[in-house]
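S.K.: Chain order of the listed sequences is A and B. Counting from 1, position 44 in the first sequence corresponds to residue 44 in full-length UniProt numbering; the numbering is continuous, with no gaps. Counting from 1, position 39 in the second sequence corresponds to residue 39 in full-length UniProt numbering; the numbering is continuous, with no gaps.
Number of protein chains: 2
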Amino acid sequence: MLEGLKWRNIEGKRLIIAIACDKNKNILMTAFMDEEALRKTLETGYMHYYSTSRKKLWKKGEESGNYQKVLEIYKDCDGDCLLFIVDQKGVACHEGYYSCFHYKLKNGKWVVDEIYKDDHS
Amino acid sequence: MLEGLKWRNIEGKRLIIAIACDKNKNILMTAFMDEEALRKTLETGYMHYYSTSRKKLWKKGEESGNYQKVLEIYKDCDGDCLLFIVDQKGVACHEGYYSCFHYKLKNGKWVVDEIYKDDHS
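So this is what it looks like as structure tokens:
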């Protein structure tokens, strides 16, 4: 589909890593895309992922309503990771936090400490 | 080693995704860690990765001098991705750019357009 991508063998599937950020540089989540998920994302303008646990295409927000509208797309130098700048509706994390990255390592333990918050700016 | 991590089968190895950001939220790079790379990172305070192409442990900066000193560590909700806030010496990308994410999708083509720059703030 797109040139310059390096699909990786992840859990036995041909996938690429996808990072979603908001336009204020807050990282919302990382997940995976197969070719179908990437194609759907490009076609619709909304983030689609491949769920390695459910083994199927997954439109972000299809259950929660927390859709991610694509604004810009970047890739890294070796092409195995895509970065999507998105407009996040609601929160990204199914645990109710704005970002999935809300566990910080303190004294060898993971404790809730949000590095990224919805700053609405 | 650390609880709550979800190691994935990536290219036939048991790996976790590692994102390195600077303290201004700029994403520098993504790569992989095996347990040894994570242990070395925790022990030394400097980023170590597992190279899937060279199939070996790799200390970031060992050839370029562009080391990454670890400041903070986060994980995401499902534990398959670690986020390291680092102090980046020099640039992160072997192509000479501050961040590895310097290709933007424009009209179906990847063109150099740096979303993250060293803002020294």
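Each residue gets a CB set at the ideal place from its N, CA and C atoms; glycine is no exception.
H94/B to M29/B, Cα distance in whole Å?
M.R.: Your numbering for residue 94/B matches position 94 in the second sequence. Your numbering for residue 29/B matches position 29 in the second sequence. Distance between the alpha carbons of H94/B and M29/B is about 11 Å.
S.K.: If you follow the beta strand (DSSP E) that L15/B is in, where does it begin and where does it stop?
M.R.: The count along the second sequence starts at 1 and reaches residue 15/B at position 15. Its beta strand (DSSP E) spans residues 13 to 21.
S.K.: Assuming contact is defined by CB atoms lying nearer than 7 Å, are V70/B and G45/B in contact in what I supplied?
M.R.: Along the second sequence, one-based indexing puts residue 70/B at 70. Along the second sequence, one-based indexing puts residue 45/B at 45. A contact, by the Cβ cut-off of 7 Å.
S.K.: Could you pull the DSSP bridge partners for C81/A from this structure?
M.R.: On the first sequence, residue 81/A is found 81 positions in, with the first residue counted as 1. Per DSSP, I17/A.
S.K.: Less than 6 Å between C-beta atoms, sequence neighbours within five positions excluded: which residues of the same chain meet that for K59/A?
M.R.: Residue 59/A sits at position 59 when you count from the first residue of the first sequence. Closer than 6 Å at the Cβ level, and outside the excluded window around K59/A, lie H48.
S.K.: Tell me A48/B's beta-bridge partners as DSSP assigns them.
M.R.: On the second sequence, position 48 is the one that residue 48/B refers to. At residue 48/B the sequence reads His, which differs from the Ala that was named. Partner(s): K59/B.
S.K.: Taking beta-carbon pairs under 9 Å, can you tell me which members of the stretch 53 to 74 of chain B lie near chain A?
M.R.: Within the stretch 53 to 74 of chain B, the qualifying residues are S53, E72, I73, Y74.
S.K.: Considering only their Cβ atoms, is the gap separating A18/B from M33/B smaller than 7 Å?
M.R.: Against the second sequence, residue 33/B aligns to sequence position 33. Against the second sequence, residue 18/B aligns to sequence position 18. Cβ distance < 7 Å, so M33/B and A18/B count as in contact.
S.K.: Quick check on W110/B - is its C-beta less than 7 Å from some C-beta in chain A?
M.R.: Position 110 of the second sequence, counted from the first residue, corresponds to residue 110/B. Yes, contact with chain A.
S.K.: Is K23/A closer than 7 Å to I85/A when the C-beta atoms are compared?
M.R.: As a position in the first sequence, residue 85/A is number 85, starting the count at 1. As a position in the first sequence, residue 23/A is number 23, starting the count at 1. Yes, these two residues count as a Cβ contact at 7 Å.
S.K.: Taking the continuous beta strand (DSSP E) assigned at K69/B, which residues delimit it?
M.R.: Residue mapping note: residue 69/B aligns to position 69 of the second sequence, counting from 1. Its beta strand (DSSP E) spans residues 68 to 75.
S.K.: Strictly under 7 Å for the Cβ-Cβ distance: is G4/B near chain A by that measure?
M.R.: The sequence position of residue 4/B within the second sequence is 4, counting from 1. So yes, G4/B belongs to the interface.
S.K.: Count the other C-beta atoms from every protein chain shown that fall within 10 angstroms of the C-beta of I16/A, then say buried if there are 16 or more, exposed otherwise.
M.R.: Your numbering for residue 16/A matches position 16 in the first sequence. Counting Cβ neighbours within 10 Å, I16/A comes out buried, since at least 16 surround it.
S.K.: Helix, strand or coil, according to DSSP, for L5/B in the structure here?
M.R.: Here residue 5/B refers to the residue found at position 5 when the second sequence is read from its first residue. DSSP places L5/B in coil when its eight states are reduced to three.
S.K.: Which residue from I115/B, E36/B, A31/B, G4/B puts its Cα closest to that of I10/B?
M.R.: For this step, residue 10/B is matched to residue 10 along the second sequence. Closest by alpha carbon: A31/B.
S.K.: Answer yes or no: do C100/A and D76/B have a C-beta to C-beta separation smaller than 7 Å?
M.R.: Position 100 of the first sequence, counted from the first residue, corresponds to residue 100/A. Position 76 of the second sequence, counted from the first residue, corresponds to residue 76/B. Yes, they are a contact pair.
S.K.: Say whether chain E places a C-beta atom closer than 7 Å to the C-beta of L38/A.
M.R.: Protein chains A and B are contained in the structure displayed, whereas chain E is not.
S.K.: Verify the CB distance criterion: does D76/A have a CB-CB separation below 7 Å to chain B?
M.R.: To locate residue 76/A, count along the first sequence from 1; it is residue 76. It does; some Cβ of chain B falls within 7 Å.
S.K.: Could you check how far apart the C-beta atoms of V112/B and Y98/B are, in whole angstroms? I think they sit under 8 Å.
M.R.: Sequence index remark: in the second sequence, residue 112/B carries index 112 (1-based). Sequence index remark: in the second sequence, residue 98/B carries index 98 (1-based). No, V112/B and Y98/B are not in contact; Cβ-Cβ is about 12 Å, not under 8 Å.
S.K.: Could you say which of K25/A, Y50/A, N26/A lies nearest to E36/A if we only look at CA atoms?
M.R.: Translated into the one-based positions of the first sequence, residue 36/A becomes position 36. Ranking K25/A, Y50/A, N26/A by Cα distance to E36/A puts Y50/A first.
S.K.: Could you tell me whether any Cβ in chain A is nearer than 7 Å to the Cβ of L83/B?
M.R.: Position 83 of the second sequence, counted from the first residue, corresponds to residue 83/B. Cβ-Cβ to chain A under 7 Å: yes for L83/B.
S.K.: Using a Cβ-Cβ distance cut-off of 7 Å, determine whether Y103/A contacts chain B.
M.R.: Here residue 103/A is taken as the residue at index 103 of the first sequence, counted from 1. By this cut-off, Y103/A is an interface position.
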